[in-house]
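Participant:
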Amino acid sequence: MRNLISLLIKLVLFWMGLFLLQQACFIFFDTTRLAGISNAALWHGFRRALPMDLATACYLVLPIALCGIVLLFHELRSVRRILRPLTIVFVVITCFINVCDIALFTAWGTKVNHKALSYLAYPEEAMHAAAGAPVAQLTVIFLAQCALSLLLLFRIDHDRSLLATGRWQRFAAPVLLPLTMLIGMRGGTQPFPIDRSWSYYSAHPILNLGALNGTWNVIVLLAEPPEIATNPYVFMAGEEAEERFRAMHPAGSGPSQRILTAHRPNIMLILLESWTADVVGVLGGDSGVTPGFDRLATDGLLFTNFYSTGYRTEQGLCATISSFPSQPKTTIIRQYGKFDRLPSLVNVLDSTGYRSTYYYAGDVSFANTRAYLEAMGFDKVHDENSFHIKRRTPWGAYDEELFAFHFDDTQSAEGPFFHTVMTSTSHEPFDVPVDEGFPGRDQPQQYRNSVHYTDRTLATFLDDCRQQPWYDSTLVIIVADHGHYLPHNRGNYAAERHRIPLLLTGGALKPELRGTINATFGSHVDLAATLLAQIGQPGFRSSWSKDLFDPTIPHFAFWTFDDGFGIADAGQCQVYDNLSGLLLQRRDTTRSGPQDDEQLLNGKALEQVLLDQYLGLSQ
């Protein structure tokens with residue numbers, strides 16, 4: 003067994019060395035791409051790649067380990083003969099993937115993805131697409147990597163006897179070796195296996211992609227379901243859909259009212275996990291669940307017809323920061339080559355002198371969030387590793403610890419700042435540190451209990467902020483990331499499930515607007531255009547975002563679910579199921595006619611254009 007362990011360790015080190023070489027080839031192939039990147043950043047990129055390289059090495063060594071376990075019991079020549087050839091095949095494949103990654107980055111700014119793999123079905127077109135690649139240089143790199151790898155591989159002895167000398171070895175090896183390899187393949191013992199988001203840590207795409215192991219990337223691509231290839235929601239001619247879309251998103255004439263006392267205020271965006279209007283008293287929800295928010299509303303501007311575009315945090319985040327609605331059947335934040343091409347509110351604010359920071363008390367890599375945040379240009383991303391957690395929940399730290407950390411960090415913040423705070427305690431399993439006064443262990447009561455906890459800590463946090471000198475020049479935006487089916491068991495399509503709170507408050511809000519209500523219909527996608535218009539930065543790149551204070555344009559809310567959409571405005575609300583072709587919900591059932599038909603056609607056009615834009619982002 004000692005010989006087998008020695009062989010496996012040598013092979014893992016062999017692969018780690020080869021991956022280091024391949025990363026260097028990828029990064030230094032064209033040194034002009036490294037402008038503005040320090041040597042320290044380059045060195046950090048190589049260190050960042052190590053966990054994923056180790057995981058990939060374990061994937062590739064696993065077949066050798068399984069063959070070795072067989073050879074512990076019997077010396078089978080047929081098994082012995084495939085040990086080295088198997089690794090040789092893997093070497094050739096990984097070297098080929100590496101040169102493909104180099105070529106694709108040069109052409110598309112990405113590594114191998116589903117779009118690139120789809121070209122394999124069209125070999126002639128694939129050859130045309132590769133015609134501009136530096137074939138000679140890539141061929142030299144490929145042959146050099148293969149030659150050096152094989153030279154080292156043949157120095158590793160594959161012929162030593164692996165027969166076990168003791169009974170315990172024969173029993174232990176089949177259990178311990180695969181278990182060890184499995185831990186390595188996961189990237190460690192952390193709760194979630196390593197994924198692509200691990201490599202997204204820098205504002206420089208070449209460093210992120212350099213840290214993404216190309217072989218691991220291809221393994222995952224082959225295991226993933228293929229990306230949507232064509233638009234499944236074609237209800238009308240493309241020209242008609244685009245015409246309807248443009249009519250619903252005209253340029254407008256600017257805001258009708260200025261709501262701020264400062265030209266460039268600090269901006270604090272607080273995203274409340276899973277808050278639905280059904281539990282917010284001032285929005286007509288259950289009484290007593292959000293007394294803190296209800297009190298804050300008396301000092302702010304409350305929107306009563308605001309909707310989430312989806313039902314997941316990552317959907318709300320993309321809709322808020324990039325003004326791109328959630329999509330049925332897929333989520334753009336997980337699609338490399340798409341999410342990093344979205345517009346960014348953060349980048350616009352940074353270009354005007356803002357310093358941007360994201361605060362979360364859990365694993366920010368979950369659902370590919372870190373990769374998205376880095377791509378959007380946040381200057382700093384804080385997560386559970388940024389501060390000492392006194393009491394841990396399934397999602398990290400309790401909200402009060404997150405608010406405390408943000409409060410302390412803001413004392414030294416340079417203005418103007420843009421801070422995004424993402425809460426988590428009101429997420430399932432609704433674990434809160436104290437009983438908030440809602441008896442019972444049923445899900446609705448636990449949900450109310452968790453929302454009340456976050457509400458209490460939010461109100462305390464903002465009361466503390468109000469005493470700080472920076473508060474008078476700060477706009478606070480409080481909005482839910484999405485709604486929830488609890489406490490009234492709403493369907494995933496229901497308008498009530500998607501209706502969420504939006505409150506503008508803070509010292510920078512004009513005094514005459516405090517305690518007022520705005521009934522304009524809107525959703526997450528409208529926040530960017532609304533905010534940027536107030537600070538004199540109109541014309542956000544998103545075609546979806548509308549200024550909520552502009553009375554010259556149509557205002558509506560649009561959301562999607564698994565296979566359908568909802569659309570709501572002041573006149574009507576309709577929810578449509580794509581599979582059945584039926585309406586699932588209509589707010590005013592006594593009304594029908596051309597207006598409702600037009601609204602439904604507009605909703606279909608929005609969904610069709612949304613998927614067209616989604617597919618076009620990687621082209």
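Residue numbers (this note's numbering): 3 to 621.
Every residue, glycine too, gets a C-beta built ideally from N, C-alpha and C.
In its own chain, which residues sit with a C-beta less than 8 Å from the C-beta of L153, not counting the 5 before and 5 after it?
Facilitator: If we look at L153 and ignore the five residues flanking it on each side, it has no Cβ neighbours.
Participant: Could you compute how far the alpha carbon of E127 sits from the alpha carbon of F98?
Facilitator: Summary for E127: the model assigns pLDDT 46, below 50, so the residue's position carries little reliability, and this model does not support an answer.
Participant: N604 lies in the beta strand (DSSP E); which residues open and close that run?
Facilitator: From DSSP, N604 is part of no beta strand (DSSP E) but of the alpha helix (DSSP H) over P596 to G618.
Participant: Determine, using beta-carbon pairs with one atom in the segment 259 to 278 and one in the segment 409 to 419, whether at least three such pairs fall under 8 Å.
Facilitator: A contact exists between the segment 259 to 278 and the segment 409 to 419.
Participant: CA-CA distance, F107 and R516?
Facilitator: Their Cα atoms are separated by approximately 51 Å.
Participant: For L274 and T322, what's the separation of their Cα atoms in angstroms?
Facilitator: About 13 Å.
Participant: Report all residues from its chain with a CB closer than 6 Å to the CB of S428; omit the five preceding and five following residues, and keep chain order.
Facilitator: Counting only Cβ-Cβ distances below 6 Å, and skipping sequence neighbours, we find E275, S276, S452, V453 and T456.
Participant: Within 10 Å of its beta-carbon, does Y124 have 16 or more other beta-carbons around it, so buried, or fewer, so exposed?
Facilitator: The predicted model places Y124 with a pLDDT of 47, which falls under 50 and marks its position as unreliable; any figure quoted below should be read in that light. By the 10 Å Cβ count, Y124 comes out exposed.
Participant: For A133, which of helix, strand or coil comes out of DSSP?
Facilitator: Because the pLDDT of A133 is 49, which lies under 50, any placement of that residue in the model is unreliable, and the question is left without a value.
Participant: Going along the chain, which unbroken runs of the alpha helix (DSSP H) with 4 or more residues stay wholly within the segment 159 to 217?
Facilitator: The qualifying runs are 169 to 188 and 207 to 213.
Participant: Return helix, strand or coil for H429, following the three-state DSSP convention.
Facilitator: Here H429 sits in coil by DSSP.
Participant: Is the number of C-beta pairs between the segment 231 to 238 and the segment 598 to 611 that are closer than 8 Å three or more?
Facilitator: Counting Cβ pairs under 8 Å, three or more are found: they touch.
Participant: Nearest to G398 by CA position, among H76, P193 and M54, is which residue?
Facilitator: When each option's Cα is compared against that of G398, the closest is P193.
Participant: Leaving out the 5 sequence neighbours to the left and right, which residues in its chain are closer than 6 Å to L15 when beta-carbon positions are compared?
Facilitator: None.
Participant: Given a cut-off of 8 Å on the beta-carbon distance, is the pair K113 and G189 in contact?
Facilitator: Their beta carbons are not under 8 Å apart, which means K113 does not touch G189 by this criterion.
Participant: Tell me, please, whether the segment 569 to 579 touches the segment 592 to 607 by the rule of three or more beta-carbon pairs shorter than 8 Å.
Facilitator: Segments in contact, yes.
Participant: So, do the segment 175 to 182 and the segment 346 to 361 have three or more beta carbon pairs nearer to each other than 8 Å?
Facilitator: No: the two stretches stay apart, fewer than three of their Cβ pairs being nearer than 8 Å.
Participant: At a cut of 8 Å, does the segment 560 to 572 reach the segment 353 to 363 through at least three beta carbon pairs?
Facilitator: The segment 560 to 572, when compared against the segment 353 to 363, does not touch it at the 8 Å Cβ threshold.
Participant: According to the Cβ coordinates, are V281 and T292 closer than 8 Å?
Facilitator: Contact flag set, yes.
Participant: Determine which residues share a DSSP beta bridge with V436 and list them.
Facilitator: Answer is none; V436 lacks a bridge partner.
Participant: Answer with buried or exposed for S163, where buried requires no fewer than 16 other C-beta atoms within 10 angstroms of its C-beta.
Facilitator: Exposed.
Participant: Using only the alpha-carbon positions, how far apart do N494 and Y313 sit?
Facilitator: Going from the Cα of N494 to the Cα of Y313 covers about 8 Å.
Participant: Report the rounded CA-to-CA distance for A57 versus E498, giving the unit in angstroms.
Facilitator: A57 and E498: Cα-Cα distance of roughly 44 Å.
Participant: State the CB to CB distance for the pair P650 and R394, rounded to an integer number of angstroms; the pair is presumed to be in contact (CB under 8 Å).
Facilitator: The chain is shown only over 3 to 621; residue 650 falls outside these bounds and no answer can be derived.
Participant: Check each candidate in T191, P207, L44 and P596 and name the one with the smallest Cα separation from F341.
Facilitator: Measuring from the Cα of F341, the nearest candidate turns out to be P207.
Participant: For the pair the segment 508 to 528 and the segment 298 to 305, tell me if three or more CB-CB distances fall below 8 Å.
Facilitator: Contact holds: three or more Cβ-Cβ distances are below 8 Å.
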